[in-house]
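Going by the working numbering, the sequence shown opens with residue 139, and the numbers climb by one from there.
Positions of the beta carbon are idealized from the N, C-alpha and C atoms, including for glycine.
Scroll down for the structure; my scribbles are underneath it.
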Amino acid sequence: MSGYDPLASVGGAAAAPRPEPRIRLAAPITGQEEVDAVAEVLASGILTNGPRTRDFEQRMAERHDAAHAVAMANGTVALAAMYLAAGIGPGDEVIVPSLTFISTATSVLHVGATPVFADVEEDTYLLDVDDVARRITSRTKAIVPVHYAGQPADMDRLVDLGAEAGARVFEDAAQAHGARFRGRGAGSWGDAGMFSFTPTKNITTGEGAVVTTNDDELAHRMRLLRNHGMSAQYVHDVLGYNWRLSELQSAMGCCQMDRLDDILTAKRANAAHLSARLAEDPAIGLPVAAPDREHPYMLFTIRLEPERRARVAAALDDARIEWRTYFPPAHLQPVFESERADLPVTDHLATRILSLPVHTRLSTAELDLVADTVLAS
Ligand SMILES: *Cc1c(COP(=O)(O)O)cnc(C)c1O
Numbered sequence: 139m140s141g142y143d144p145l146a147s148v149g150g151a152a153a154a155p156r157p158e159p160r161i162r163l164a165a166p167i168t169g170q171e172e173v174d175a176v177a178e179v180l181a182s183g184i185l186t187n188g189p190r191t192r193d194f195e196q197r198m199a200e201r202h203d204a205a206h207a208v209a210m211a212n213g214t215v216a217l218a219a220m221y222l223a224a225g226i227g228p229g230d231e232v233i234v235p236s237l238t239f240i241s242t243a244t245s246v247l248h249v250g251a252t253p254v255f256a257d258v259e260e261d262t263y264l265l266d267v268d269d270v271a272r273r274i275t276s277r278t279k280a281i282v283p284v285h286y287a288g289q290p291a292d293m294d295r296l297v298d299l300g301a302e303a304g305a306r307v308f309e310d311a312a313q314a315h316g317a318r319f320r321g322r323g324a325g326s327w328g329d330a331g332m333f334s335f336t337p338t339k340n341i342t343t344g345e346g347a348v349v350t351t352n353d354d355e356l357a358h359r360m361r362l363l364r365n366h367g368m369s370a371q372y373v374h375d376v377l378g379y380n381w382r383l384s385e386l387q388s389a390m391g392c393c394q395m396d397r398l399d400d401i402l403t404a405k406r407a408n409a410a411h412l413s414a415r416l417a418e419d420p421a422i423g424l425p426v427a428a429p430d431r432e433h434p435y436m437l438f439t440i441r442l443e444p445e446r447r448a449r450v451a452a453a454l455d456d457a458r459i460e461w462r463t464y465f466p467p468a469h470l471q472p473v474f475e476s477e478r479a480d481l482p483v484t485d486h487l488a489t490r491i492l493s494l495p496v497h498t499r500l501s502t503a504e505l506d507l508v509a510d511t512v513l514a515s
C-alpha cells in the first residue's frame, strides 16, 4: 500500500507536498479473495456484461431491500442516469445540498438541469427538510438528499415532501453501504439510490457504482442508458452511453460485500472509541447518530471553532495524520459561481468541520494518537 493514495481519485488539495502520512484517512481492505475472484474472471474470458455483474447487483439489491440494482461505471454517471431515466433535463430544477462531493451537483448540470442548493442541519450535516420545502418551485423535479458519512437523511419526511411537490426523491447513498433508516435499507426509500465504490468509501471496486430502485420502469431505463440505449443486439431505442461496470470490478464487488459487515462493525467500534475520547472536551462537536438510523461511519467529522480547527489541522499535519474538510461547499466552487445561494448553516460549517481517520486498519494506539492530537491543540 505504501505510496498509494486512495484519496487521489476524489481530487486532492493542491497544497505543497507533505511527507507521506503515517495515519491515512482511508484504507481500502482487499485480500486474496479479490485476487482470486479477478483471476477467475480473466480465466473465464467474460470481461463485461456477465454473471458477476448480475450477482453483484442482486447482492446490493437484497442488502438494501430494493427490487432492482443496476451497476454503473461510477457514482457520478449513476446520478446522471437516475435523472435521465426520470426525464429530467433543461428547465428542470433539482434540489441538492451544497455540503457534499461536487458531483451531486455537477451531475445535475451534466443532464442540462439546474441544481438548487439547500441547507443542512448543523449537527448531522443532513439535508434540512424545512429548508428544502422553502426552495420548491413549479420546476422542481427531484430532491437529492445526501446520506452524509453514510447516515441516512430523514427519508420519511423527504419522501412525503417529494410526493406533495410532485418531485422524485433520489438518494445520494454514495457513502451509505449497509446503512438503514428505521430498519429499512438506504437506497430503498426514494425513487432510486446511488452507492459509489470509489476507494474512499467503506467498500470499493476501484471505481464503480450501483443504483438501487423499486421502480421497474426506472430500472429498465437505466439499463438502456448504461448500454448504448440498446434493447436488443444493435437495436438502439434511446440515446445511450457506455456506463457499464466490468466483470472484474463486479467480481471484486462481490468479495467486498462479503466484507461489509466486518468493516461496519470495525468502523462503528472505532467511531465509538474516538467519540468517547473526544467527549472529554465539550468544545468539540462530535458526530451525531440519530436513534432511528444505522450509521456506517464512512467519515468521522468533528466541528471546532475556526481558530481551533486551524490549530488542530496544523497539529495533525505535524503528527502526519491525514485529515480533510468533507466537503468544501459546492456553492462556493468556481464552477457554481453564478448560483447565488443563501446557506447560513453550510457557510458556518465550512470553516468548522474536519474529518479524522476512522478506517478499519487503525490500531487502538493510533486512534488514541488521533484523539490525543486533537485534544492537545
Ligand atoms: C463519492 C461520492 C460521489 C461520487 O462518486 P464517484 O463514484 O466517485 O463518481 C457522489 N456523492 C457523494 C456524496 C460521494 O461521497
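Counted within 10 angstroms of its Cβ, other Cβ atoms place residue i as buried (16 or more) or exposed
| i | result |
| --- | --- |
| residue 502 | exposed |
| residue 399 | exposed |
| residue 238 | buried |
| residue 508 | buried |
| residue 146 | Note that residue 146 scores a pLDDT of 49, beneath 50, so its modelled location is shaky; the value from the coordinates is reported in the next line. Classification of residue 146: exposed, given that the 10 Å Cβ count is below 16. |
| residue 387 | buried |
| residue 293 | buried |
| residue 374 | exposed |
| residue 243 | buried |
| residue 377 | exposed |
| residue 306 | buried |
| residue 185 | exposed |
| residue 173 | exposed |
| residue 269 | buried |
| residue 120 | The question about residue 120 has no answer here: the residues shown for the chain are numbered 139 through 515. |
The beta strand (DSSP E) enclosing residue i, as first and last residue numbers
| i | result |
| --- | --- |
| residue 309 | 306-310 |
| residue 492 | 491-494 |
| residue 279 | 278-281 |
| residue 252 | 252-256 |
| residue 236 | From DSSP, residue 236 is part of no beta strand (DSSP E); its letter is neither H nor E. |
| residue 368 | 368-370 |
| residue 208 | 206-210 |
| residue 439 | 438-441 |
Residue from the options with nearest C-alpha to residue i
| i | options | result |
| --- | --- | --- |
| residue 213 | 232, 284, 474 | 284 |
| residue 234 | 308, 346, 376, 168 | 308 |
| residue 365 | 164, 208, 165 | 208 |
| residue 190 | 382, 470, 409, 410 | 382 |
| residue 479 | 157, 252, 188 | 252 |
| residue 232 | 215, 276, 210 | 276 |
| residue 220 | 195, 310, 446, 428 | 310 |
| residue 187 | 328, 371, 272 | 371 |
| residue 419 | 280, 204, 512, 332 | 512 |
| residue 288 | 474, 422, 446, 427 | 427 |
| residue 260 | 193, 442, 396 | 442 |
| residue 457 | 435, 430, 504, 444 | 504 |
| residue 335 | 215, 425, 514 | 215 |
Terminal residues of the alpha helix (DSSP H) in which residue i lies
| i | result |
| --- | --- |
| residue 242 | 241-248 |
| residue 410 | 385-416 |
| residue 351 | Note, residue 351: premise wrong, no alpha helix (DSSP H); beta strand (DSSP E) at 347-351. |
| residue 300 | 293-303 |
| residue 220 | 213-223 |
Residue i vs residue j beta-carbon contact at 8 Å
| i | j | result |
| --- | --- | --- |
| residue 314 | residue 290 | yes |
| residue 267 | residue 295 | yes |
| residue 324 | residue 176 | no |
| residue 394 | residue 350 | no |
| residue 467 | residue 488 | yes |
| residue 163 | residue 462 | yes |
| residue 195 | residue 318 | no |
| residue 492 | residue 439 | yes |
C-beta neighbour in chain C for residue i, strict 8 Å
| i | result |
| --- | --- |
| residue 374 | Going by chain labels, chain C is absent from the structure shown, which holds only one protein chain. |
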